[in-house]
Amino acid sequence: MSPAPQSSTSSLPVHYARVVLAYILLKLKLFIIWVLKAGPMPQHVAFVMDGNRRYSRRKGVEVREGHSQGFVALRRVLEICFKLDIKCVTVYGFAIENFKRSEDEIANLMQIAKDGLNSFCEQDDLLQANGVRLNVIGHKSLLPVDVQEAIDRAESLTKHNSRSILNICFPYASRHEMTCAIGQSVQDAVDNASPNITEQDVDERLFTSQGLSPPLDVLIRSSGVKRFSDFLLWQCSENTQVHFTPTYWPEYGLRDFGPVILDFQRRMWSKRVHS
Amino acid sequence: MSSLAAAVLLAAVHSLYRLFCFAQHAWRSLARRSTRLRVDTVAPTLAKIPKHVALILAYGKDEPWDIAVMTESARRAARWCEEVAIPNLSVYDRDGLLLHDLRGLCNALSAERVEHVVPPSGRAHARERVHLQHPLTPPPSEHSEANSRSWSPEPEREAIITLRRAEHPSVEDQDDVRGGLRKRRRSSHSESVATAVPLTIRILSRDAGKPQLASVAKSLLEQSRALHQTPKQTLTVEEVDALIFDMTGLPEIDLLVIHPLNGSSNRPLEMHGFPPWQMRLAELYYNSPRPFSLHEWWSGAARPLTEDAFCRALREFGSAEQRVGK
């Protein structure tokens, strides 16, 4: 009997070490989440998932790979949020201005979106398992028909879920949202013969409000860019903590999100002491 | 029992985190102490200059504020904007404290001796001192000093006061204030470094933000009722943009500096009700409180905006890449 090749016997301990390490890291992550949950949690967190392309350039891979890793990061972060019992998560999936990108990149992003929406529809997947209702908000009529159909299917399948909300802004621009809210409030005031339109009337007609999202507590942008870029401007203009992190989105995880939660908790406790 | 254990562990984590944040901030403040930036050294190195800088003077409901410190911050910002030739400055505080003390602000601006960069040929940084005069009303006709300037408040728009120079010595740049960025021309001995452009100062409060957007909706409602027409089905972003500019006169912000007045505040960055429409593409700079001195940190006294912070904000703006969706 010939002896086993040297490479397969030497790789087994490495393989087992990796499995053990992954298990330890998973348990550590769950432990950290358990500790964080002992304090106050934000009700609504928004993410600007920025840095996929710069990540792909740094890694020397194609842009499509960067976007794919970005979707993996999205699932990872959503899992953390739902384990932390955060009631509403909003993500900036695609800006209306992103239609200026190359046709190839747009087609790739649309395919990732369609595949992701279809995966969300699976029974044991993230949304169903965590009782998450999906809202896709924005100027959806600009999207290809097959993507719109995937959106309708995913929203329909999750519409009875009530534990949490996931808003995917796709394609979205905050000024467009505010314009729609203003237009709708004017129309409703005419229909109801209301004498006046207040700030509250406009607020109630934002896409996020119509999806029953609570007020925005935390907004996070990855990749080091320090701009809102037309995202949730109305919602974050007051009582929202804004965090800019240099980490590229495909690498974002609990190591970056944990300090954000700690900052939020410190602020909440400070408010309670002073009130 | 397990929730008690988690709470105890969380308290320990917070203590360690607080210690880490303090050490990090103290280290950065010590490092910056040896490299305090000045506008006259930073300005020539900037690749691009914002056309509109907004300054949020931030304070919480539970934090003290000081109108003198706020006025001083506005005065300093105005001076630095003029040195760098930034044509628009907006100063915001949530509750309109500066708006209520406009006379104090104008007096502070009146006392300012501003250095204008007026380069004669062959010299990049010649300066002449100019004494500003700021009557609240337009200057009398016999006021004829060659180098006098007056700040005149424009007719009030709601929740916003605009101060503008009545005249200026050499206006070379008549950029559209609503347009994009103004590229900085690299200096040479035979070329001007910075053109002297008139500075427009706007003083804002929260009422210049969301309530104005509601007023846009109300004006559209009144218009449709007056004309007995149904409201337009597809209101566009451009139409709302034009309406909000007509109402407020507030152009889009290029650089937004958030300055917490409280030196010991541990708040993360917040926008304090700043007008949402105009901050769409603004580059944000958060002048987070740092313990420059133990006294400042311990006393929690209000602190004015520093030249170093203003320069760092300009530098970050100058190096930022705007992809605009691409």
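Each protein sequence line maps, in turn, to chains Y and V.
The numbering of the first sequence is the numbering used here, which starts it at 1 and goes up by one.
The numbering of the second sequence is the numbering used here, which starts it at 1001 and goes up by one.
Ideal Cβ placement from N, Cα and C applies to all residues, glycine included.
Asked: Helix, strand or coil at Lys-1048 (chain V) [DSSP, three-state]; Found: strand
Asked: Between the CA atoms of Tyr-92 (chain Y) and Ser-68 (chain Y) - distance to the nearest angstrom; Found: 15 Å
Asked: Close beta carbons around Asp-1101 (chain V), own chain, < 6 Å, minus the five adjacent residues each side; Found: Ile-1067
Asked: Helix, strand or coil at Asn-167 (chain Y) [DSSP, three-state]; Found: strand
Asked: Whole-Å CB distance - Arg-1081 (chain V) paired with Val-1053 (chain V), under 8 Å assumed; Found: The displayed chain sequence assigns Cys, not Arg, to residue 1081 (chain V). That pair is a contact at about 6 Å.
Asked: Identified DSSP bridge partners for Tyr-1286 (chain V); Found: V:Ile-1258
Asked: Complete runs of the alpha helix (DSSP H) confined to the stretch 210 to 258 of chain Y [at least 4 residues]; Found: 233 to 236
Asked: Local Cβ density within 10 Å of Gln-265 (chain Y), reported as buried at 16 or more and exposed below that; Found: buried
Asked: Backbone CA spacing between Ile-96 (chain Y) and Tyr-172 (chain Y) [nearest angstrom]; Found: 5 Å
Asked: Cut-off 6 Å between Cβ atoms - residues of its own chain near Ala-1320 (chain V), not counting five sequence neighbours on either side; Found: Glu-1283
Asked: Interface partners of Leu-1250 (chain V) on chain A, CB under 7 Å; Found: Included in the structure are the protein chains Y and V, with no chain A among them.
Asked: Sequence-distant residues of the same chain with beta carbon closer than 7 Å to Ala-181 (chain Y), five excluded per side; Found: Val-202, Arg-205, Leu-206
Asked: Contact with chain V by Lys-140 (chain Y), beta-carbon distance below 8 Å; Found: no
Asked: Chain-ordered neighbours of Met-110 (chain Y) on chain V, where CB pairs are closer than 8 Å; Found: Those within 8 Å of Met-110 (chain Y) in chain V number zero; the least Cβ separation is about 16 Å.
Asked: Chain-ordered chain Y contacts of Phe-1274 (chain V) [CB-CB under 7 Å]; Found: Ser-237
Asked: Inter-stretch contact (C-beta, 8 Å, three-pair minimum) for the stretch 14 to 24 of chain Y and the stretch 208 to 228 of chain Y; Found: no
Asked: Interface flag, Arg-1075 (chain V) vs chain Y, CB-CB below 8 Å; Found: no
Asked: is_contact[Val-1216 (chain V), chain Y] using C-beta, thresh 8 Å; Found: yes
Asked: Boundaries (first-last residue) of the alpha helix (DSSP H) holding Ile-1244 (chain V); Found: 1237 to 1248
Asked: 6 Å Cβ shell around Ile-1253 (chain V) - same chain, five flanking residues per side excluded; Found: His-1052, Ala-1054, Gln-1278, Met-1279, Ala-1282
Asked: Burial state of Gly-60 (chain Y), where buried means 16 or more other Cβ atoms lie within 10 Å; Found: exposed
Asked: Local conformation of Ala-1077 (chain V) per DSSP, three classes; Found: helix
Asked: Inter-residue spacing [alpha-carbon to alpha-carbon] between Pro-1087 (chain V) and His-176 (chain Y); Found: 28 Å
Asked: CA nearest to the CA of Lys-114 (chain Y), picked from Y:Glu-79, Y:Leu-143, Y:Gln-184, Y:Ser-229; Found: Y:Leu-143
Asked: Environment of Arg-1075 (chain V) [buried if 16+ CB atoms lie within 10 Å]; Found: buried
Asked: Contact check, Ser-1073 (chain V) vs Leu-1250 (chain V), beta carbons under 8 Å; Found: no
Asked: 6 Å CB neighbourhood of Arg-1267 (chain V) in its chain, flanking five on each side removed; Found: none
Asked: Proximal residues to Gly-211 (chain Y) (C-beta, below 7 Å), its chain only, five neighbours per side dropped; Found: Asn-135, Ile-137, Ile-165, Asn-167
Asked: Pick from Y:Met-178, Y:Gln-184, Y:Leu-127 that is closest to Lys-158 (chain Y), judged by C-alpha positions; Found: Reading off the sequence, residue 158 (chain Y) comes out as Thr, not Lys. Answer by Cα proximity: Y:Leu-127.
Asked: Tyr-92 (chain Y) - DSSP class collapsed to helix/strand/coil; Found: strand
Asked: Nearest candidate by alpha-carbon position, reference Gln-184 (chain Y), set V:Glu-1316, V:Pro-1198, V:Thr-1234, V:Ile-1160; Found: V:Thr-1234
Asked: Supposed close pair Trp-1065 (chain V), Leu-1261 (chain V) - CB separation, criterion 8 Å; Found: 6 Å
Asked: Proximal residues, the stretch 36 to 57 of chain Y versus chain V, C-beta separation under 9 Å; Found: Leu-36, Lys-37, Ala-38, Gly-39
Asked: Strand pairing of Phe-82 (chain Y), partner residues [DSSP]; Found: Answer by DSSP bridge pairing: none, since Phe-82 (chain Y) is not bridged.
Asked: Within 8 Å, strictly: CB atoms of Ile-1160 (chain V) and Thr-1071 (chain V); Found: no
Asked: Extent of the continuous alpha helix (DSSP H) to which Ala-1217 (chain V) belongs; Found: 1210 to 1226
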